[in-house]
Structures are given as structure tokens and as C-alpha cells.
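Novice: Before we start, here is the structure in question, set down as C-alpha cells.
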Amino acid sequence: MTDARPPSRGPEFRSQQAQAFLAGLEQPERVQEQLLLETVVGANVDCEFGQQHGFAKIRSFAEYQRAVPIRKYEGFEPQIDRVVAGEAGVLTSEPVKRFFLTSGSTAKSKYIPVTNTFVRAKSRAFGIYWAEVFARHPAAQAGRMVTNFSDSGEPVRAPGSGLPCSSESAYWAGVTRATSMTQTPIIPKAVAQIGDSDGRYYAIARILLEEQFSVIMTLNPSTIVLLFQKIAQYAAELADDVERGGITERVRCGDEVRRIVGERYRGNPERAAALRALAAGEGMLAYRLWPQLALAICWRSPMLQPYIELLAPQLRGVAGRDYILMASEGVMAIPIDDERSGGPLAVGVHVYEFIPEDQADRSDPEVLQPHQLEDGKSYVLVLSNCSGLYRYNIGDVVRVRGFVGRTPCIEFLHRAGATCSITGEKLTEDQVTAAVRDVARALELRIAGFTLAPARGGFPRYVAYVELDGAADRKALAAFPERLDEALEQHNIEYGGKRSSQRLGAPELALVAEGGYEARRRQRLAAGTSDSQIKPTHLSRDPDFGDQFEIVERFHAAT
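In this note's numbering, each number is its position in the sequence shown, counted from 1, plus 35.
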């Protein structure tokens with residue numbers, strides 16, 4: 036995954052690509068079949084996989100579906116392992132040039148093959164996305180952009196083949212640095228590569244407080260939330276640094292970063308005075324710190340709405356745009372509107388099929404093409420790209436939110452299998468997210484992090500582990516379990532049935548001590564997960580999930 040700005044291209048190129056994409060939304064079947072037969076199947080007739088599955092005889096989408104079974108990553112792993120070892124012509128006729136590493140659902144990294152055609156396909160999606168952004172927000176094109184809050188560093192080499200391997204975000208950040216025709220990035224590479232999370236965010240805050248920009252962009256909104264929290268936490272220290280120049284010795288950032296900051300920012304008493312005035316008065320909120328800020332870009336899926344709501348006071352008057360729905364394996368949707376989650380399916384970039392979510396575990400599920408989907412329904416996405424993944428069950432559940440032409444607009448809901456069922460209620464992560472969001476709004480609570488998990492002992496029930504963002508009224512906290520019980524029933528009728536039949540107890544609230552979710556994030560970073568891959572866990576099947584937190588108080592529903 037990537038939060039990098041795409042390689043620089045002329046606006047004419049972007050406009051042509053965007054127009055072709057929008058026109059194709061009227062005929063998704065034609066676009067899909069043409070891409071399938073020419074680029075996915077036709078270009079790979081001679082590779083081992085193509086020969087085994089009769090690619091030379093395939094003349095239609097239906098024939099492709101009959102010839103190639105749907106697989107998950109494990110189904111491709113033996114072939115990918117051979118490619119990693121250096122064998123050519125296994126999954127693609129075109130040479131594999133590198134691998135994107137992704138954490139996957141287990142500790143073992145997944146190696147995603149990358150060909151030149153695959154890179155061009157993703158680049159086209161980026162170009163379309165930015166054409167639409169710039170058409171709506173000309174100031175975004177003319178102004179400066181803040182991105183690349185983290186960088187996992189230089190690529191490693193694959194065992195055997197010696198091909199470069201890195202996270203996708205690191206790859207695109209490198210491409211941007213190598214091809215950009217704009218000014219030097221606001222956040223230097225050395226800063227993005229600071230290993231200590233606190234040190235990196237402090238250094239970024241230190242730099243940004245002496246810069247002006249029109250766009251702030253990152254994949255995960257929690258990254259922006261954390262940045263603004265650090266600014267509030269270290270407001271006085273940051274103002275002192277701005278006044279005298281450089282960066283305080285307390286911060287662990289490395290000699291190179293200390294040198295860069297010291298050379299660029301030599302002391303700005305006027306800006307420091309303005310910062311102190313804001314801190315003492317209306318508050319150091321983003322829209323006041325950076326009056327030119329016009330657009331905030333980050334993922335806006337339902338699962339991430341709690342973070343979007345935390346950002347709202349900071350970004351008053353600032354437009355919000357969802358980023359491309361994508362994974363290392365491919366692009367799924369290209370948002371074209373502000374203030375909404377998701378966008379039109381990226382027809383013409385890859386080839387897409389869909390399995391109804393309620394059939395995901397069947398051995399013979401119904402498999403649909405994009406124009407056959409229904410508004411409001413949820414599906415597991417199946418993707419065929421041009422780097423060796425054919426009818427690949429990517430494991431993401433998406434929901435249809437209307438159509439553009441005859442092409443569905445989709446938004447990410449949760450990972451397939453991200454459910455929990457104590458006694459048959461089959462709660463999903465998006466249902467939990469929506470329920471907690473509803474309760475937080477009703478009780479006027481600001482929530483920094485939360486997870487619902489089964490209780491370890493006692494009568495079967497759920498525990499909501501919640502960390503607050505600021506103080507809360509005790510009456511609201513006492514009311515939380517009962518309100519959550521009602522909200523879960525509203526979002527999942529089976530949950531209500533299990534509660535009314537007394538097979539499931541009322542949920543309880545476990546208040547997590549301040550900093551609990553931040554400590555969890557740091558642990559995941561220390562284990563090798565990149566910032567861009569850290570997503571909130573709003574639903575867990577693990578009864579021991581709460582053991583990682585200090586619980587300051589528990590609240591139970593009134594009996």
C-alpha cells in the first residue's frame with residue numbers, strides 16, 4: 036500500500052486517462068473483457084500457469100471463469116516461492132522485477148510479484164485519482180503537499196532471485212523522489228525513516244510548524260490524529276524549538292535529522308510567538324496553524340470513521356477526500372468525490388469479480404461481475420491482475436454504495452472472516468464500528484480507540500475495551516453498556532435474538548488507561564509492521580485481548 040504521490044505527469048496525460056476511465060464506467064463488461072483477454076490472459080499464454088489453464092483457448096470471460104479456480108494467497112504460494120527463488124515464466128510471461136512485501140494475516144510476509152505492466156496499471160490509477168482531485172481542488176495542484184510520514188527504508192533482496200523487496204509505500208516514495216519535478220518534499224526522507232515513533236512524530240511536527248501547505252495526505256487517518264496529538268502534547272517545547280532553531284536534544288532523531296532541521300530552521304521568534312498565542316487562546320488546531328490547508332486525504336472507510344470524527348475539530352473548513360482503495364495486490368476503487376467513503380470500481384486497471392459475503396465460505400459460491408452487483412449489498416472481492424494473481428480472493432469485504440453509470444461504487448468494510456460469534460450472532464467489524472460510533476455520538480464521548488471482544492469468564496458476553504480522548508461524564512460511562520447493547524441489536528438482528536433468548540449477556544465497558552492503544556501501536560511497529568499497514572482492531576475473537584491494557588474501571592449494564 037502507498038501514500039506516496041504518483042510520479043509527475045503532465046495534466047494533459049492525466050485528463051485523457053481520467054476521461055477514458057469515466058467513459059468506461061458506462062460499459063464495465065466491455066472494459067473488463069477487453070483487459071482480461073488482452074493483458075491478463077493474452078499476454079501470459081506462454082507462461083507455465085497459462086499453459087496449465089489453457090489460456091491460448093480462452094475467448095470469453097465465462098471461459099476464463101471455467102478454466103481458472105478462485106484461490107487465496109496460499110493457492111499461489113508454491114509458484115510464488117519459485118519466482119522468489121529466481122525461476123522465470125512461472126506465473127507470467129513478462130519478467131518479475133521486484134516484490135511488494137505485505138504483512139498478511141500471519142507473521143509470514145506475503146511476496147507480491149511486480150511486473151512493469153503491473154506498475155503501469157497502478158500508475159494509471161494514481162493519475163486518474165489525482166486528475167479528479169486537481170479538477171475539484173486547483174489549489175491542491177498549485178500548493179505544497181505533506182505526505183510520506185514514514186519510510187521503511189531501503190529494499191532487501193529476495194532469497195535466490197536477488198530481486199528487490201520492500202513495502203509498496205517505500206517503493207512509490209522512492210519513485211516520487213526520483214521523478215518529481217516539484218520542490219523538495221517538506222518531510223525529508225531521513226525524518227520519515229526515524230525508527231523511534233515519538234521522535235519521528237515530534238520531528239515532523241517541528242518541521243510542519245514552520246511550513247505552509249495546502250494538502251495533508253496519509254493512508255491511515257490515525258497518523259494525522261497522532262500528529263495533532265503530539266503537537267498538543269509538546270506545544271510549549273515545540274514553540275521553544277521554533278524560537279531558537281533546531282530541535283531539542285531530548286528527542287531521539289539521529290544526527291542527520293538534527294543537522295537537517297538545524298540548517299533549515301535557524302530560529303523564528305515571530306512564528307513562536309504566534310504559536311504560543313494560539314496555545315494560550317483558541318488552541319493549536321490545524322486549520323489555525325495552517326490557514327492555507329484546503330484538503331485532507333486519507334482513507335475514510337466505515338471502520339475508520341471514529342478517527343475521521345476525531346479530526347473534525349482540527350479540520351474545520353478543510354475538504355476531505357478518501358484515498359484509493361487498494362492493497363499491494365492491486366487497486367480496487369478510485370474515489371472521485373469529497374466527504375464520502377470509496378468510489379467507482381477501478382475498471383480497466385485490473386479485472387474484478389465478486390462473491391456475496393453470505394456465500395464466502397461456500398465451496399461453490401455465486402460469482403458476479405461488477406454490473407450484476409446490488410446497491411447496499413456486501414461482497415468479497417476477487418481480483419485478476421497482470422503480475423500473476425488470477426482470480427485471487429483478496430479477502431476484503433466491500434459494500435456497494437450506488438453506481439456511476441453501470442459500475443458500482445464500493446467502500447471497504449472489513450477483512451473477510453473479521454467476525455465473532457459467541458452463540459450464533461455473527462457480529463462483523465463494521466457492525467461493531469457503527470454501533471460504537473452511534474453510542475459515542477449519543478453520549479457525547481470522544482473515543483481514542485476501542486475493541487469489542489468476548490469476555491474471558493462468567494456468563495457469555497462481550498467486553499468493550501474503550502480508551503477515551505479526554506474527560507467524560509460518569510453518567511455517560513454508566514449508560515454506555517446499555518446503549519451499546521441497544522445499538523448492537525439495531526445493527527445485527529441476530530445479536531438481538533440471542534439477547535432476548537437470554538443466551539447472551541449484556542456487554543460491559545472496560546475503560547483502558549490513557550495511552551493503551553498507542554502502546555499497542557508501538558508494539559506492532561517494533562514487530563516490523565509499517566505505519567500504513569496498522570489498522571484498528573474493532574472486533575476480536577480473542578477472550579484475552581484485554582490483557583495487554585491497564586483497565587482503570589469497569590461498567591456493567593443495569594440489571
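We put the CB at the ideal spot given by N, CA and C, even for glycine. Please read all numbers here as calculations on a predicted model, not as lab measurements.
Thinking serine 376 and glutamate 392 are a contact (beta carbons under 8 Å), I'd like their distance in whole angstroms, please.
Specialist: Here residue 376 refers to the residue found at position 341 of the sequence shown. Here residue 392 refers to the residue found at position 357 of the sequence shown. Actually they are not in contact, since the Cβ atoms of serine 376 and glutamate 392 sit about 17 Å apart, beyond 8 Å.
Novice: Going along the chain, which unbroken runs of the beta strand (DSSP E) with 3 or more residues stay wholly within the region 484-545?
Specialist: 497-503
Novice: Considering only DSSP beta bridges, list what glutamate 588 is partnered with.
Specialist: By 1-based counting over the sequence shown, the position of residue 588 is 553. Answer is Leu546, bridged to glutamate 588.
Novice: Would leucine 523 and glutamine 466 be called neighbours here (beta carbons separated by less than 9 Å)?
Specialist: For the purposes of this step, residue 523 is taken as residue 488 along the sequence shown, with counting starting at 1. For the purposes of this step, residue 466 is taken as residue 431 along the sequence shown, with counting starting at 1. Contact flag set, yes.
Novice: So which of Glu409, Glu388, Leu380 and Val415 has the shortest CA-CA distance to aspartate 396?
Specialist: Taking the first residue of the sequence shown as position 1, residue 396 is located at position 361. Answer by Cα proximity: Val415.
Novice: Using three-state DSSP, classify glutamate 388 as helix, strand or coil.
Specialist: Walking along the sequence shown from the start, residue 388 turns up at place 353. Reduced to three states, the DSSP call for glutamate 388 is strand.
Novice: Using a 10 Å radius around the Cβ and a threshold of 16 neighbouring Cβ atoms, would you call valine 595 buried or exposed?
Specialist: Because the chain in this structure spans residues 36 to 594, residue 595 falls outside the shown range and cannot be described.
Novice: Rounded to whole angstroms, how far is the Cβ of valine 119 from the Cβ of cysteine 82, which I believe are closer than 8 Å?
Specialist: Translated into positions along the sequence shown, residue 119 becomes position 84. Translated into positions along the sequence shown, residue 82 becomes position 47. Not quite, the Cβ-Cβ distance comes to about 16 Å (not below 8 Å), so this is no contact.
Novice: For valine 382, which of Gln349, Arg576 and Leu418 has the nearest alpha-carbon?
Specialist: The residue given as residue 382 occupies position 347 in the sequence shown. Valine 382 has its Cα closest to that of Leu418, out of Gln349, Arg576 and Leu418.
Novice: Quick one: what's got a C-beta closer than 6 Å to cysteine 455's C-beta in the same chain, skipping five residues either side?
Specialist: Mapped onto the sequence shown, residue 455 falls at position 420. Counting only Cβ-Cβ distances below 6 Å, and skipping sequence neighbours, we find Leu462, Leu574 and Arg576.
Novice: With DSSP as the reference, label leucine 330 as helix, strand or coil.
Specialist: Position 295 of the sequence shown, counted from the first residue, corresponds to residue 330. Correct three-state label for leucine 330: strand.
Novice: Quick check on the DSSP output: the alpha helix (DSSP H) that includes isoleucine 163 runs from which residue to which?
Specialist: Position 128 of the sequence shown holds residue 163. Here the alpha helix (DSSP H) through isoleucine 163 covers 151-171.
Novice: In whole angstroms, give me the CA-to-CA distance for glutamine 54 and alanine 166.
Specialist: Counted from its first residue, the sequence shown places residue 54 at position 19. Counted from its first residue, the sequence shown places residue 166 at position 131. Taking the straight line joining both Cα atoms gives about 9 Å.
Novice: For glutamate 86, which residues of its own chain have a beta-carbon under 7 Å away from its beta-carbon, when the five flanking residues on both sides are left out?
Specialist: One-based indexing of the sequence shown puts residue 86 at position 51. Note on residue identity: the sequence assigns glutamine, not glutamate, to residue 86. Answer for glutamine 86: no residue qualifies.
Novice: Consult DSSP for leucine 339 and reduce its assignment to one of helix, strand or coil.
Specialist: Position 304 of the sequence shown, counting from 1, holds the residue named residue 339. Looking at leucine 339 - three-state DSSP - the assignment turns out to be helix.
Novice: Applying the criterion that 16 or more other CB atoms from any shown protein chain within 10 Å of the CB defines a buried residue, is glycine 162 buried or exposed?
Specialist: Residue 162 sits at position 127 when you count from the first residue of the sequence shown. Glycine 162 is buried by the Cβ-count criterion.
Novice: Is there contact here, the region 441-448 with the region 362-379, by at least three beta-carbon pairs under 8 Å?
Specialist: yes
Novice: Who does aspartate 582 pair with in a DSSP beta bridge?
Specialist: Counted from its first residue, the sequence shown places residue 582 at position 547. According to the DSSP secondary-structure assignment, aspartate 582 is paired through a beta bridge with no residue.
Novice: Could you work out which residue in Gly459, Gln340 and Thr211 is closest to alanine 475 when comparing CA atoms only?
Specialist: On the sequence shown, position 440 is the one that residue 475 refers to. Ranking Gly459, Gln340 and Thr211 by Cα distance to alanine 475 puts Gln340 first.
Novice: How close, in whole Å, do the beta carbons of isoleucine 222 and asparagine 183 come, if the pair is a contact with beta carbons under 8 Å?
Specialist: On the sequence shown, residue 222 is found 187 positions in, with the first residue counted as 1. On the sequence shown, residue 183 is found 148 positions in, with the first residue counted as 1. Contact flag correct, Cβ pair sits at about 6 Å.
Novice: Roughly how many whole angstroms lie between the Cα atoms of isoleucine 239 and isoleucine 332?
Specialist: Counted from its first residue, the sequence shown places residue 239 at position 204. Counted from its first residue, the sequence shown places residue 332 at position 297. The alpha-carbon atoms of isoleucine 239 and isoleucine 332 are separated by roughly 17 Å.
Novice: Just curious, the alpha helix (DSSP H) that glutamate 291 is in, first and last residue?
Specialist: Here residue 291 is taken as the residue at index 256 of the sequence shown, counted from 1. 290-299 is the span of the alpha helix (DSSP H), which, as asked, contains glutamate 291.
Novice: According to DSSP, is histidine 406 part of a helix, a strand, or is it coil?
Specialist: Sequence index remark: in the sequence shown, residue 406 carries index 371 (1-based). Three-state DSSP puts histidine 406 in a helix.
Novice: From the DSSP output, which residues share a beta bridge with phenylalanine 447?
Specialist: Counting from one through the sequence shown, the residue named residue 447 turns up at place 412. The partner list for phenylalanine 447 (beta bridge, DSSP) reads Val433.
Novice: Mapping DSSP to helix, strand and coil, what is phenylalanine 48?
Specialist: On the sequence shown, residue 48 is found 13 positions in, with the first residue counted as 1. Because phenylalanine 48 carries a pLDDT of 44, less than 50, the predicted location of this residue cannot be relied on, and no value is offered for it.
Novice: Are the region 167-180 and the region 148-156 touching by the rule of at least three beta carbon pairs closer than 8 Å?
Specialist: no
Novice: Can you confirm whether the region 425-434 touches the region 105-112 when touching is taken to mean that 3 or more C-beta pairs between the two stretches lie within less than 8 Å?
Specialist: yes
Novice: Report the option in His172, Ala160, Met252 and Pro348 whose CA atom is closest to the CA atom of glycine 365.
Specialist: Residue mapping note: residue 365 aligns to position 330 of the sequence shown, counting from 1. That would be Ala160, whose Cα lies nearest to the Cα of glycine 365.
Novice: Mind checking glycine 316: buried by the 16 CB within 10 Å criterion, or exposed?
Specialist: What you label residue 316 is simply residue 281 of the sequence shown in a count that begins at 1. With fewer than 16 Cβ atoms within 10 Å of its Cβ, glycine 316 is classed as exposed.
Novice: Cutting at 7 Å between CB atoms, please list the residues of its own chain near glutamine 394, excluding the five before and the five after it.
Specialist: On the sequence shown, position 359 is the one that residue 394 refers to. The answer, listed in chain order, is Pro400 and Glu401.
Novice: Enumerate in chain order the residues of its own chain whose CB-to-CB distance from leucine 71 is below 8 Å, with the five nearest sequence positions on each side excluded.
Specialist: Here residue 71 refers to the residue found at position 36 when the sequence shown is read from its first residue. The answer, listed in chain order, is Phe96, Tyr99, Val386 and Ser419.
Novice: Is the number of C-beta pairs between the region 275-286 and the region 352-370 that are closer than 8 Å three or more?
Specialist: no
Novice: For the region 317-330 and the region 281-291, state whether three or more C-beta atom pairs, one from each stretch, are separated by less than 8 Å.
Specialist: no
Novice: Could you give the DSSP three-state label for glycine 365: helix, strand or coil?
Specialist: Against the sequence shown, residue 365 aligns to sequence position 330. Correct three-state label for glycine 365: strand.
Novice: Determine the direct distance from the alpha carbon of proline 542 to that of serine 398, and round the result to whole angstroms.
Specialist: Numbered from 1 along the sequence shown, position 363 holds the residue referred to as residue 398. Numbered from 1 along the sequence shown, position 507 holds the residue referred to as residue 542. So the alpha carbons of these two residues sit roughly 35 Å apart.
Novice: Please report the straight-line C-alpha distance between proline 148 and lysine 132, rounded to a whole angstrom.
Specialist: Counting from one through the sequence shown, the residue named residue 148 turns up at place 113. Counting from one through the sequence shown, the residue named residue 132 turns up at place 97. Whole-angstrom Cα-Cα distance: 8 Å.
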